[in-house]
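*Asks:* I'd like to ask some things about the structure below.
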Amino acid sequence: MTITNRFDAVSPLDSRFYGGDQGLYKALHPYLSASAATKYQARVEGALALALSDVGVCDKAIANAIASAADSITAQEVAEEETRTRHDVRALVNVIRAQVPDEAKRFVHLGATSSDIVDTANALRYRECIDRVLVPTIAALIARCISIAEAEADTTQIGRTHGRHAEPVTFGFAVAEYVARLGDRLEQLRLAARRLPGKLSGAVGAYNALGLLSTDPRALERRFLSSLGLHAAPVSTQIVPPEGWTDLAHACISALGVMANLADDMRQLQRSEIGEVAESFATDQVGSSTMPHKRNPVSFENVKSIWKVIAPRMLTTYMDQISEHQRDLTNSASQRFLGEILAATTYAAGRLASSLDGMRVDRERLKANLASSRGAIAAEPLYVLLAKYGHPDGHEAVRRLTLEAERGSRTLLEVATLDTDLREYLKKFTPDERRILERPEEYRGLAAEVAREVASTWRERLKGVLPE
């Protein structure tokens with residue numbers, strides 16, 4: 016029995032997120048599906064035959080016949096053969112052998128072990144998935160963040176630390192942080208993809224079998240991998256060094272962590288008592304089964320929830336670094352789930368970009384929230400200026416003043432002006448320095464400049480990455 020309906024699938028990734036999004040399914044299926052895995056493995060078998068013909072092990076016509084047969088097989092054929100062999104790669108080999116002339120059969124898979132095929136195919140399909148799907152999707156997310164950072168570079172926002180009002184920044188500056196962080200993760204993803212190695216070194220990695228076919232088995236391995244756009248690791252066992260998969264998983268999951276952080280910030284800013292941004296809400300969309308008025312930040316919450324599912328899988332990938340001696344099978348089942356990390360990361364990036372596309376920034380609420388601090392945010396500049404003009408302990412003086420201001424419902428500047436101990440220092444403040452205390456919303460440092468600089472830098476760096 017096979018699953019033909021996505022609602023029969025066990026994993027929500029298949030039934031709801033990947034399988035439920037036709038655009039995402041169409042983009043990822045050629046790389047991450049089980050049928051894609053079979054296609055890539057067959058492609059590698061074809062490349063092996065061609066490499067063998069290049070060094071005279073078999074005729075070019077035989078190699079072409081094998082490559083042609085490999086290109087036409089289906090995952091269904093291999094799965095049916097596997098019910099007999101109980102070995103997936105041998106099933107693949109048998110299906111190819113059944114479709115080539117008798118004189119070509121002995122050259123199918125010759126000199127290779129299963130992991131030569133599987134690890135090389137995985138490196139190839141994951142790299143192509145990252146280059147063609149995941150990187151452009153994250154780049155589109157970054158581009159959306161760049162647009163927000165530029166548009167809101169001068170929109171003053173109260174900064175928050177520990178959930179409490181701190182000092183002013185701008186909303187564009189807050190988003191620019193994520194432009195830089197996501198951009199860094201994008202580059203790590205591209206690097207991790209480029210570093211994935213393949214192999215053709217045999218059952219224990221020492222080229223035992225290949226050495227019987229070629230006087231220079233390493234050169235043959237290089238020729239084989241080069242035809243696929245890959246490189247060999249300096250040394251392998253039966254499997255490639257697992258750190259390539261570890262680094263790939265980390266690049267994905269750390270990128271997903273940045274997305275979750277951004278999503279969580281936008282979710283928090285939609286709290287009723289904050290209300291600085293609002294997620295797009297369709298006319299007929301329902302927020303609650305019992306509270307008709309609810310408009311919830313569900314898309315941002317969804318991204319964070321996906322991260323919670325995927326982040327712990329990093330531990331599994333670390334555990335897959337352990338393989339006894341030249342190889343055991345304890346990484347076999349667990350490593351099959353690596354594609355889900357790529358799929359979930361792609362889904363989250365697309366969902367987050369879509370959410371940001373429809374997000375509304377409420378500038379009036381931003382102003383109101385800033386004003387609600389009643390000038391307390393002037394505490395830092397007041398303390399720094401007092402120290403600048405000679406006060407021996409400006410920090411303690413301002414700390415006491417903030418408590419007094421809170422008790423008397425007055426602004427910090429009002430209380431400071433009445434303090435006789437501070438008058439000699441306040442007289443030394445320049446007009447610009449006094450204006451910062453009178454208009455603390457202007458005390459935002461280089462937030463606007465940094466927002467524009469980061470946005471401009473990454474807009475340039477994304478050229479050639481974003482789809483036309």
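What the sequence shown shows, in our numbering, is residues 16 to 483, in sequence order. The beta-carbon is built from N, C-alpha and C at its ideal position, and this holds for glycine as well. Only a predicted model underlies this, so the values are computations on that prediction, with no experimental measurement involved.
Expressed to the nearest angstrom, what Euclidean distance is found between the alpha-carbon atoms of residue 37 and residue 348?
*Replies:* Along the sequence shown, one-based indexing puts residue 37 at 22. Along the sequence shown, one-based indexing puts residue 348 at 333. Looking at the two C-alpha atoms, the distance is approximately 27 Å.
*Asks:* Along the alpha helix (DSSP H) that carries residue 419, what are the first and last residues, could you check?
*Replies:* Position 404 of the sequence shown, counted from the first residue, corresponds to residue 419. Segment 409-423, the alpha helix (DSSP H) holding residue 419.
*Asks:* Do you know whose CA, among 162, 437, 236, lies nearest residue 131's CA?
*Replies:* Against the sequence shown, residue 131 aligns to sequence position 116. That would be 236, whose Cα lies nearest to the Cα of residue 131.
*Asks:* Buried or exposed for residue 250, please, with buried defined as at least 16 other CB atoms from any protein chain shown within 10 angstroms of its CB.
*Replies:* Start at 1 with the first residue of the sequence shown, and residue 250 comes out as number 235. Classification of residue 250: exposed, given that the 10 Å Cβ count is below 16.
*Asks:* Counting along the chain, where does the alpha helix (DSSP H) carrying residue 100 start and finish?
*Replies:* Within the sequence shown, the letter at position 85 stands for residue 100. 90-100 is the span of the alpha helix (DSSP H), which, as asked, contains residue 100.
*Asks:* Please report the straight-line C-alpha distance between residue 61 and residue 186, rounded to a whole angstrom.
*Replies:* Working through the sequence shown from its first residue, we reach residue 61 at position 46. Working through the sequence shown from its first residue, we reach residue 186 at position 171. The straight-line gap from Cα to Cα measures roughly 54 Å.
*Asks:* What does the alpha-carbon distance come out to for the pair residue 379 and residue 293?
*Replies:* Working through the sequence shown from its first residue, we reach residue 379 at position 364. Working through the sequence shown from its first residue, we reach residue 293 at position 278. The straight-line gap from Cα to Cα measures roughly 13 Å.
*Asks:* DSSP beta-bridge partners for residue 172?
*Replies:* By 1-based counting over the sequence shown, the position of residue 172 is 157. Per DSSP, 184.
*Asks:* Are residue 269 and residue 200 touching if we call contact CB-CB under 9 Å?
*Replies:* Start at 1 with the first residue of the sequence shown, and residue 269 comes out as number 254. Start at 1 with the first residue of the sequence shown, and residue 200 comes out as number 185. Yes; because the gap between Cβ atoms is below 9 Å, this pair is in contact.
*Asks:* In angstroms, rounded to a whole number, what distance separates the CA positions of residue 120 and residue 145?
*Replies:* Locating residue 120 in the sequence shown gives position 105, counting from the first residue. Locating residue 145 in the sequence shown gives position 130, counting from the first residue. For residue 120 and residue 145, the distance between alpha carbons rounds to 35 Å.
*Asks:* For the segment 92-103 and the segment 151-167, state whether three or more C-beta atom pairs, one from each stretch, are separated by less than 8 Å.
*Replies:* Judged by Cβ distances under 8 Å, the segment 92-103 makes no contact with the segment 151-167, as fewer than three pairs qualify.
*Asks:* Got a sec? Which residues, its chain only, sit under 7 Å from residue 370 by beta carbon, not counting five neighbours each side?
*Replies:* By one-based count along the sequence shown, residue 370 stands at place 355. If we look at residue 370 and ignore the five residues flanking it on each side, its Cβ neighbours are 294, 314, 315.
*Asks:* Relative to the C-alpha of residue 375, which candidate in 68, 449, 282, 256 has its C-alpha closest?
*Replies:* For this step, residue 375 is matched to residue 360 along the sequence shown. Residue 282 is the option with its Cα nearest to residue 375.
*Asks:* Using a 10 Å radius around the Cβ and a threshold of 16 neighbouring Cβ atoms, would you call residue 54 buried or exposed?
*Replies:* Translated into the one-based positions of the sequence shown, residue 54 becomes position 39. Looking at its Cβ environment, which holds 16 or more other Cβ atoms inside 10 Å, residue 54 is buried.
*Asks:* Using a Cβ-Cβ cut-off of 7 Å (strictly less than) and excluding sequence neighbours within five positions of residue 452, which residues of its own chain qualify?
*Replies:* For the purposes of this step, residue 452 is taken as residue 437 along the sequence shown, with counting starting at 1. Same-chain partners within the cutoff: 393, 396, 397, 428.
*Asks:* Write down the C-beta distance between residue 122 and residue 73 rounded to the nearest angstrom, noting that I regard them as a contact closer than 8 Å.
*Replies:* Here the question's residue 122 lines up with position 107 in the sequence shown. Here the question's residue 73 lines up with position 58 in the sequence shown. Right, the Cβ-Cβ distance comes to about 5 Å (below 8 Å), so this counts as a contact.
*Asks:* Could you tell me the alpha carbon to alpha carbon distance between residue 189 and residue 217, rounded to whole angstroms?
*Replies:* Numbered from its first residue, the sequence shown carries residue 189 at position 174. Numbered from its first residue, the sequence shown carries residue 217 at position 202. Answer to the nearest angstrom: the Cα atoms are 52 Å apart.
*Asks:* How many Å lie between residue 367 and residue 118 at the Cα?
*Replies:* By 1-based counting over the sequence shown, the position of residue 367 is 352. By 1-based counting over the sequence shown, the position of residue 118 is 103. Each residue's Cα considered, the two are about 55 Å apart.
*Asks:* Could you give the residue range of the alpha helix (DSSP H) that holds residue 386?
*Replies:* Position 371 of the sequence shown holds residue 386. Here the alpha helix (DSSP H) through residue 386 covers 378-386.
*Asks:* With a cut-off of 8 Å on the beta carbons, I'd call residue 184 and residue 470 a contact; round off their distance for me.
*Replies:* Numbered from 1 along the sequence shown, position 169 holds the residue referred to as residue 184. Numbered from 1 along the sequence shown, position 455 holds the residue referred to as residue 470. Contact doesn't hold; Cβ gap of about 15 Å is too wide.
*Asks:* Going by DSSP in three states, residue 123 sits in which element: helix, strand or coil?
*Replies:* Along the sequence shown, read from residue 1 onward, the residue named residue 123 stands at position 108. Coil, per DSSP.
*Asks:* Cα separation between residue 364 and residue 419?
*Replies:* Against the sequence shown, residue 364 aligns to sequence position 349. Against the sequence shown, residue 419 aligns to sequence position 404. Each residue's Cα considered, the two are about 47 Å apart.
*Asks:* Got a sec? Which residues, its chain only, sit under 6 Å from residue 458 by beta carbon, not counting five neighbours each side?
*Replies:* What you label residue 458 is simply residue 443 of the sequence shown in a count that begins at 1. Excluding sequence neighbours, residue 458 sits near 183, 396, 451.
*Asks:* State the CB to CB distance for the pair residue 213 and residue 326, rounded to an integer number of angstroms; the pair is presumed to be in contact (CB under 8 Å).
*Replies:* Along the sequence shown, read from residue 1 onward, the residue named residue 213 stands at position 198. Along the sequence shown, read from residue 1 onward, the residue named residue 326 stands at position 311. Incorrect: roughly 28 Å between the Cβ atoms, too far for contact.
*Asks:* Please list the terminal residues of the continuous alpha helix (DSSP H) segment that includes residue 270.
*Replies:* Start at 1 with the first residue of the sequence shown, and residue 270 comes out as number 255. Run containing residue 270: 258-283, per the alpha helix (DSSP H) assignment.
*Asks:* Report yes if the C-beta distance between residue 125 and residue 65 is below 9 Å; otherwise report no.
*Replies:* Along the sequence shown, read from residue 1 onward, the residue named residue 125 stands at position 110. Along the sequence shown, read from residue 1 onward, the residue named residue 65 stands at position 50. Contact: no.
*Asks:* Going residue by residue through the segment 142-171, where are the continuous beta strand (DSSP E) segments of at least 3 residues, counting only ones entirely within it?
*Replies:* The segment 142-171 contains no whole beta strand (DSSP E) run of 3 or more residues.
*Asks:* Between which residues of its own chain and residue 129 is the CB-CB distance below 6 Å, once the five residues before and five after are set aside?
*Replies:* Counted from its first residue, the sequence shown places residue 129 at position 114. 104, listed in sequence order.
*Asks:* Identify whether residue 255 lies in helix, strand or coil by the three-state DSSP scheme.
*Replies:* Working through the sequence shown from its first residue, we reach residue 255 at position 240. Looking at residue 255 - three-state DSSP - the assignment turns out to be coil, as it is neither helix nor strand.
*Asks:* Taking one C-beta from the segment 344-359 and one from the segment 259-266 each time, how about it: are there three or more such pairs within less than 8 Å?
*Replies:* Cβ pair count under 8 Å is three or more, so yes.
*Asks:* Name the DSSP beta bridge partners of residue 112, please?
*Replies:* As a working mapping, residue 112 is identified with position 97 in the sequence shown. In the DSSP output, where bridge partners are listed per residue, residue 112 has none listed.
*Asks:* Take residue 551 and list the residues in its own chain whose beta-carbon comes closer than 7 Å to its own, dropping the five residues that flank it on each side.
*Replies:* This structure does not reach residue 551, given that the chain is present from 16 up to 483, and the question cannot be answered.
*Asks:* Can you check which of these residues, 425, 468, 467, 412, is closest to residue 441 by C-alpha distance?
*Replies:* Taking the first residue of the sequence shown as position 1, residue 441 is located at position 426. With distances taken between Cα atoms, residue 441 lies closest to 412.
*Asks:* Would you decide whether residue 239 is buried or exposed? Buried here means 16 or more other CB atoms lie within 10 Å of its CB.
*Replies:* Residue 239 sits at position 224 when you count from the first residue of the sequence shown. Looking at its Cβ environment, which holds 16 or more other Cβ atoms inside 10 Å, residue 239 is buried.
*Asks:* Is the Cβ-Cβ distance between residue 94 and residue 106 less than 9 Å?
*Replies:* Here residue 94 refers to the residue found at position 79 when the sequence shown is read from its first residue. Here residue 106 refers to the residue found at position 91 when the sequence shown is read from its first residue. Yes. Within cutoff.
*Asks:* Helix, strand or coil, according to DSSP, for residue 38 in the structure here?
*Replies:* On the sequence shown, position 23 is the one that residue 38 refers to. Helix, per DSSP.
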